[in-house]
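Q:
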Amino acid sequence: MAMNKNFLALASAIIWAAAGNAASPVHDGVIEYAPAPGQFVNIMPEWEEGDDANAMANKAHAATSEGGISLGAYGGYVVVGFDHTVVNVAGERDLYIEGNMHSGGSEPGVVMVAYDINGNGLPDENEWFEIRGSEYDNSILDYECTYYRPENDDDDIRWTDNQGGEGYVRRNAAHQQPYWPQWLTDSKTLVFRGTRLPDNGIDQSGNGTYFVLSPFDYGYADNVPNIDGGSWNEGAKIDIDWAVDAKGNEVKMPGVDFVKIYTGVNQYNGWIGENSTEVCRVADAHVTREGSSPVLDETVAIDQSVLDAFLAKYGGSAAVPGIDGGNGNLRVYLDRATGCVNFDAPAAGVAQVFNQSGIMLYSGTFSPGKNTIELCSYPAGIYLVRIDEKTTKILKL
Ligand SMILES: [Ca+2]
Ligand SMILES: [Ca+2]
Ligand SMILES: [Ca+2]
Ligand SMILES: [Ca+2]
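Residue numbers for the sequence shown follow this note's numbering, so the first one is 907 and each next one is one higher.
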């Protein structure tokens, strides 16, 4: 009986309606925050007893507009999402990424971008492309680094890599908290894979006591100051046209829905400690006003021919096995600004919404043409939307 009542309450919360809201230039959620061990981990943002990965992602989101988050040593990452697609404008840099770089303190983070090809509100593995920064040809592209959880929180944290290297994330007197992410203490190891950038720390003292971390030319986060001459620093911006596939081939993307940033240097710099990328706001660079309250330039639109060519090459249901069922041409997508799931139906049919436990929250019929299911009143989480034979996984933030 209780079950029935619950079902009715949720079902009545869903209405078929179209709505529109202004989009925000700044990322609207942290989808995943997974730092490697580091001296600012558990304090940027602060971990408190009981915080799990979800809680830390929410704290990380709040912290990006307040002082930033630290990604820890090599490989630690954050994934953010937008409430709109950041358009790839030809000949312009499209993303603006704030760090906390100060002179002599460049801690470059590798940037990856994803367009939500299957429209499920989540970045799927096949949707990611790397931004080819200036050091791409000087990097190790298939790097893997493993950290080992220490016996005691006071111990240095050992790492090994797939190149025969090893070392430690060393503790220092300034930061006494555990350096291992405290919501991941069930893991004995943490493994990170990606591109390892060349070392950028130069030992000016000659005896390991004074390092200067010099910036790379372009294409990284936390590499140059946020502001230059009173404006958003062009050097802190990313051109989506720099995206490449796993083989290094250029990828012409229509825009991006998700951005991933990870610490790209694996270097220990004396008393400064490990090289660790910090991230504040990630923003759409196509704005009519910069600063703390930027305003999105609503006249910027996706180039339809670029989108069509991109989807023809990388889209299609076969690209995401296990998620798309039949009816592969039906695109079901979440409009993050409104909290509505939209789809164009070729014919009338039945739509259903399930939670992750498989409990049906809604069932109803739809007509041919544009249809909308409103998920606004649902709590954040993953939902399965079934439309005829096709099931799409949707993440609601
Ligand atoms: Ca561009
Ligand atoms: Ca996706
Ligand atoms: Ca740092
Ligand atoms: Ca930094």
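Glycine included, each C-beta is placed from N, C-alpha and C at the ideal position.
Exposed or buried, C1282, counting other C-beta atoms within 10 Å across all chains shown (16 or more means buried)?
A: Exposed.
Q: Taking just the CA atoms, how far does T1183 sit from G1125?
A: Those two C-alpha atoms are separated by around 14 angstroms.
Q: Indicate whether V1185 and L1001 have their beta-carbon atoms separated by less than 8 angstroms.
A: It is not a contact, given that the beta carbons lie outside the stated cut-off.
Q: Pair every Cβ in the stretch 1012–1027 with every Cβ in the stretch 1062–1073, then say whether three or more of these pairs are closer than 8 angstroms.
A: No, they do not touch.
Q: Pick out whichever of G982, G956 and T991 has its Cα sitting closest to the Cα of V1206.
A: The residue with the shortest Cα to Cα distance from V1206 is T991.
Q: Tell me where the beta strand (DSSP E) around S1269 begins and ends.
A: Taken as a continuous stretch (DSSP letters only), the beta strand (DSSP E) holding S1269 covers M1266 to F1272.
Q: Just the Cα atoms here: how many angstroms apart are I1300 and V1291?
A: Straight-line Cα distance between these residues: approximately 7 angstroms.
Q: Please state the DSSP three-state secondary structure of W953.
A: Note: W953 maps to coil in three-state DSSP.
Q: Quick one: residues in its chain with C-beta nearer than 8 angstroms to the C-beta of M1266, no 5 flanking neighbours on either side, listed in chain order?
A: Excluding sequence neighbours, M1266 sits near F913, Q1258, V1259 and F1260.
Q: What does the shell around ligand 3 hold, if a residue joins when its beta-carbon is under 5 angstroms from any heavy atom?
A: Result (chain order): E1013 and S1182.
Q: By a C-beta neighbour count over all protein chains shown, 10 Å radius and 16 as the cutoff for buried, is Q1262 buried or exposed?
A: Per the 10 Å Cβ criterion, exposed.
Q: Should G1015 go down as buried or exposed, given a rule of 16 or more other Cβ atoms within 10 Å for buried?
A: Buried: at least 16 other Cβ atoms inside 10 Å.
Q: Using a Cβ-Cβ cut-off of 6 angstroms (strictly less than) and excluding sequence neighbours within five positions of H1081, which residues of its own chain qualify?
A: Result list for H1081: Q945, in chain order.
Q: Give a single yes or no on whether E1156 has its beta carbon closer than 7 angstroms to a heavy atom of ligand 1.
A: No, the Cβ of E1156 stays beyond 7 angstroms of every heavy atom of ligand 1.
Q: Determine the burial state of Q1173: buried for a count of at least 16 other Cβ atoms within 10 Å of its Cβ, exposed for fewer.
A: Q1173 is buried by the Cβ-count criterion.
Q: Helix, strand or coil, according to DSSP, for V1212 in the structure here?
A: In the structure shown, V1212 sits in a helix (DSSP, three-state: H, G or I).
Q: Helix, strand or coil: how does DSSP classify M1018 here?
A: Of the three classes helix, strand and coil, the one that applies to M1018 here is strand, per DSSP.
Q: By how many angstroms is the C-alpha of G982 removed from the C-alpha of R1102?
A: For R1102 and G982, the distance between alpha carbons rounds to 12 angstroms.
Q: Kindly indicate which residue of D1123, S1120, S971 and A1215 has the alpha-carbon position closest to the one of P931.
A: Out of D1123, S1120, S971 and A1215, S971 has the C-alpha closest to the C-alpha of P931.
Q: Using a Cβ-Cβ cutoff of less than 7 angstroms, which residues in the same chain neighbour L1028 once the five nearest sequence positions on both sides are dropped?
A: Answer for L1028: K1299 and L1301, listed in chain order.
Q: Which residues in the same chain as D1163 place their Cβ atom closer than 7 angstroms to its Cβ, once the five residues preceding and following it in sequence are excluded?
A: Hits under 7 angstroms: G987, F988, T991, A1020, Y1021 and D1022.
Q: Assign V1238 to one of two classes, buried (16 or more other C-beta atoms within 10 Å of its C-beta) or exposed (fewer than that).
A: Buried.
Q: Looking at the strands, I want to know which residues DSSP matches up with F1117.
A: Its beta-bridge partners are D1109.
Q: Taking the beta carbon of D1304 as the centre, do at least 16 other beta carbons fall within 10 Å, making it buried, or is it exposed?
A: The structure shown does not extend to residue 1304, since the chain spans only 907 to 1303, so no value can be given for it.
Q: Is K965 close to chain C, meaning its C-beta is less than 8 angstroms from at least one C-beta of that chain?
A: In the displayed structure, chain C is absent; only one protein chain is listed.
Q: If we count Cβ pairs, one from each stretch, closer than 8 angstroms, do we get three or more for the stretch 946–956 versus the stretch 1206–1217?
A: The answer is no - the stretch 1206–1217 does not touch the stretch 946–956, with fewer than three Cβ pairs under 8 angstroms.
Q: Thinking C-alpha only, which one of L1047, P943 and I1293 is nearest G1154?
A: The option with the nearest alpha carbon to G1154 is L1047.
Q: For T1052, which beta-bridge partners are listed by DSSP?
A: Note: T1052 sits in a beta bridge opposite T1066 and V1097.
Q: Grab me the residues of R1064's own chain with a C-beta within less than 6 angstroms of its C-beta, minus the 5 sequence neighbours each way, in chain order.
A: So the qualifying residues of the chain are Y1054 and Y1074.
Q: At the level of alpha carbons, what is the spacing between E938 and I1288?
A: The alpha-carbon atoms of E938 and I1288 are separated by roughly 14 angstroms.
Q: Mark S1012 as exposed unless 16 or more other C-beta atoms lie within 10 angstroms of its C-beta, in which case mark it buried.
A: Result: buried.
Q: How is D1147 classed by DSSP in three states: helix, strand or coil?
A: Residue state, collapsed to three classes: helix.
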